[in-house]
Amino acid sequence: MRIALNNRRDFLKTAATGAVLLGAQGKLGFAGMLDEQTAAAKSKVVVARDAQLHGTDGQLNEKRVLDLLDRAITSYTGHDHPVTAWKHIVPMGKVIGLKVNCAGGKGISTHLALTLAICERLQQAGVKPGNILVWDQANEALESGGYTIRTDPSRIRCYGSDVSGYEDQIETSGMVRVRLSKILTRECEMVMNLPILKDHGCAGLTFAMKNMYGVIKMEDVGPMHVGNCNPAIADLHCIPAIRDKVRFVLGDAISALYEGGPLFRPEHMWHPNALIVGQDRVAVDQTAWSILERKRAEVGLPTLEATGRKPHYLATAADAAHQLGVNDPQRISLMEI
Amino acid sequence: MLAVAAIAVVLVAASAGCKKAKVDPFPASGAVSGWQKTSETRVFAANDLWQYVDGDAEQYISAGVVTTSTSDYKYQGALEAVVDVHTMKDAAGARKILETGLTKDAKTVQLGDECVQYAQSVIFRKGPYLVRIVAYESTPDAPQALLALAQAVGAKL
């Protein structure tokens, strides 16, 4: 079923009731992919671009987003057909969470068009609408990002952790003491990480790894900004629920913020017109960082390091104590398409 | 007992993320041609600023922010914008924030002590106040409309 993306609300309604269920069951192809990646010498990251994604008027051509997504996923998996590729990424019969980032509010949130395109492909791959849960920290943030709150379990759901609540149990990991969203701990079998690329006033870069600040209770977030979020971000990802469930990054670099983040600063926005895809969260962020630095250099801004905001947490995440991925560009197999 | 209750009320008020604004720099609906104020004003103390600008609060705190007030606006029923008024300890703090991240395409405008304008935003300082007005879309009439709103805010500070 191909659904036009020009009417977002209608899409959610249609997708929820009319999905083609292809019946792929059982096999957790993703686990196999993980094993392959672990065995490989390098971490694979795909950067897929479409220079025409934004028109000359600066408006996003939403119909091209699905095509870009397809190119990214087929290139990453090596499968010719996107639906086949998705079947190898997600487990069937389980709830798949799509963790978007709407913390920056209107103007700099994970693009709804991208999220809808993923929902479409997931359903075509056999994921039931009720097993797709789009979420972020709070309903208010989601709504400000253009998302419609939906809690009907038979349809694609979309709501914040303020609806589900948080665990009472405090998770500890290194310096981190946090309570996790029940959406992560109880509802989702697997979470796809859908961050949006932004400069960050404290961490330097917010993308795949920093996006997980949105899965913890708001009151616990404050102390995690100490020391440019290092080692807090790396420690956070060592919590099993995050390390094990958040297994795939489909990063939104359709629009991005090279300075002044994480809130919307239109004077510092640009359109990389790209998706950054990978399983290695550290490698994905390392790649995103290099894209951000190139843009900063292009507009004459100093490096993040020169501004005292180098994302040290990437090296921490890659160190022997954390082993969350690789940050050495020589060990990243970068495919730019 | 009453004294205890009074102290409790004070403590609750002091710890709340949102406080009532002492000064209202936000133009009412219709006060500036075409502009409607579309939300209540929210006020954040420095310690609570992370609730509004999580990840960017440190910059403001280090520059001496006292409170941040914010409200949403809409121009001619279509163009959405947000007005942030940061009250700093002194003018130096406002200058520090304004000068951070200035880019070459910033257009200098006569407003307050210093003002710059971009296609979708106006940022100015006046005494200890740092005001940032951001539109969520780029439209042909946005720069002029934003500037008119900024001038109205500046007049109330």
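Residue numbers (numbering that gives the first Met the number 0), protein chains in the order written: chain A, 0 to 336; chain B, 0 to 156. Beta carbons: idealized from backbone N, C-alpha and C, even for Gly. Predicted model only: the values in this text are computed from it and were never measured.
Considering only 178/A, 276/A, 267/A, 258/A, the residue with the shortest C-alpha distance to residue 235/A is 178/A.
The C-beta of residue 218/A has fewer than 16 other C-beta atoms within 10 Å across all chains shown, which makes the residue exposed. Residue range 195 to 199 is occupied by the beta strand (DSSP E) that includes residue 199/A. Straight through space, the alpha carbons of residue 310/A and residue 125/A are spaced by roughly 38 angstroms. Residue 302/A is not a Cβ neighbour of residue 333/A, given a cutoff of 8 angstroms.
Residue-level contact check: residue 138/B does not touch chain A, since none of the beta carbons of chain A fall below 8 angstroms from its beta carbon. Taking 8 angstroms as the upper bound on Cβ-Cβ separation, chain B lies near residues 258, 259, 260, 261, 262, 263, 264 of the region 244 to 264 of chain A. Within chain B, the residues whose beta carbon sits less than 8 angstroms from that of residue 205/A are 54, listed in sequence order. Around the beta carbon of residue 22/B, fewer than 16 other beta carbons lie within 10 angstroms, which makes this residue exposed. Contact annotation for residue 298/A against chain B: 102 [CB-CB distance below 7 angstroms, chain order]. Among the CB atoms of chain B, none fall inside 8 angstroms of the CB of residue 101/A.
Proximity of residue 79/B to chain A, defined by a Cβ-Cβ separation below 8 angstroms, is satisfied. Here residue 56/A is exposed. Its C-beta has fewer than 16 other C-beta atoms within 10 Å. Within 9 angstroms of the CB of residue 224/A, the CB atoms of chain B belong to 49, 53, 54, 56, 57, in sequence order along the chain.
Those residues of the region 117 to 134 of chain B placed with their C-beta closer than 8 angstroms to a C-beta in chain A are 117, 118, 119, 120, 133, 134, ordered along the chain. Residue 256/A and residue 197/A do touch by the CB rule: their CB atoms are close to 4 angstroms apart, below 8 angstroms. Listed as beta-bridge partners of residue 335/A by DSSP are 46/A. Rounded to the nearest whole angstrom, the CA to CA distance from residue 126/B to residue 289/A is 39 angstroms.
Counting C-beta pairs with one atom in each stretch, the region 267 to 275 of chain A and the region 226 to 241 of chain A have fewer than three that are closer than 8 angstroms, which means they do not touch. In the DSSP assignment, residue 312/A falls within the alpha helix (DSSP H) that extends over 312 to 317.
A straight-line Cα-Cα distance of about 18 angstroms links residue 59/B and residue 204/A.
Shown here, residue 61/B sits in a helix according to DSSP, grouped into three states. Any Cβ of chain B closer than 8 angstroms to the Cβ of residue 54/A would place that residue at the interface, and such an atom is absent. In the DSSP assignment, the residues bridged to residue 74/B are 34/B, 78/B.
Assignment of beta strand (DSSP E) within the region 189 to 234 of chain A, counting only whole runs of 3 or more residues, yields 189 to 193, 195 to 199, 203 to 205 in chain order. No Cβ of chain B is located within less than 8 angstroms of the beta carbon of residue 307/A. In summary, no residue of the region 123 to 145 of chain A has a CB separated from any CB of chain B by less than 7 angstroms. Bounds of the beta strand (DSSP E) holding residue 116/B are 113 to 116. Taking 8 angstroms as the upper bound on Cβ-Cβ separation, chain B lies near residues 199, 200, 201, 202, 205 of the region 189 to 205 of chain A. Contact check for residue 156/B against residue 121/B fails: the beta carbons are separated by 8 angstroms or more. Ranked by Cα distance from residue 146/A, the options 105/A, 329/A, 120/A are led by 105/A. With fewer than 16 neighbouring CB atoms inside 10 Å of its own CB, residue 101/B falls in the exposed class. When DSSP states are grouped into helix, strand and coil, residue 135/A belongs to the strand group. Sorting 174/A, 191/A, 188/A, 54/A by C-alpha distance to the C-alpha of residue 231/A places 174/A at the top. Listed in chain order, the alpha helix (DSSP H) runs fully inside the region 131 to 175 of chain A are 138 to 143, 160 to 163, counting runs of at least 4 residues. A residue is called buried when at least 16 other Cβ atoms come within 10 angstroms of its Cβ; residue 304/A does not meet this threshold and is exposed.
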